Amino acid sequence: MPETTSAIDQHELEAFTRALRRLGVLFMRIAGQHSTAHETYSKQELLALGVLRVSGPCRMGEVAEHLGVGQSAVTPLVDRLEAQGLVRRRRSDEDRRVWLVALTEKGEAVVAEEDQVYQHVATEMLAPLSAPERATLIALLERVGAAVPEG
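Heads up: the sequence shown begins at 64 in my numbering, then just goes up one per residue.
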């Protein structure tokens, strides 16, 4: 039987928020030290490439939604990525009125490099924990992530 969830008090909320921010900053700092992509592309460009890696070809509006920005902000972002040869636009096979954004081979290579860097960063961040602690942390993070609706 699932455990009932108790109310989250302000102290817990603040502590969790601080931990998330700290981990995010730490992650980006370490990734930036090990990735040539971080020297070349903006965080938003790398996030957009990551969205396309996970989602596959998708509408510009979907990219904007994943990034939490408006369509007017994602158009110049995709323009820059396209000019750099990282993405391409193509018409949807299902609806010729719809344009999709997809990674190119060069874009895939950038994301693959980032995946290797993320693995390195994760290794450094998890190193201080024992195997049971890592398993518990991962299980809890997966549970938290599953509770947040996508899109």
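No residue lacks a Cβ here, since even glycine has one placed at the ideal position from N, Cα and C.
Source: prediction; values computed, not measured.
The residues R122, R154, S155, in chain order, have a CB closer than 8 Å to that of V161 in the same chain once the five nearest residues on each side in sequence are set aside. The alpha-carbon of D158 is positioned some 47 Å away from that of A78. If you check the CB distance, L115 and V173 do not come in under 8 Å. For H183, the closest C-alpha among the options M91, I71, S135, Q134 is that of M91.
According to the DSSP secondary-structure assignment, L163 is paired through a beta bridge with R122, R153.
Under the three-pair Cβ rule at 8 Å, the region 174–181 counts as touching the region 97–106.
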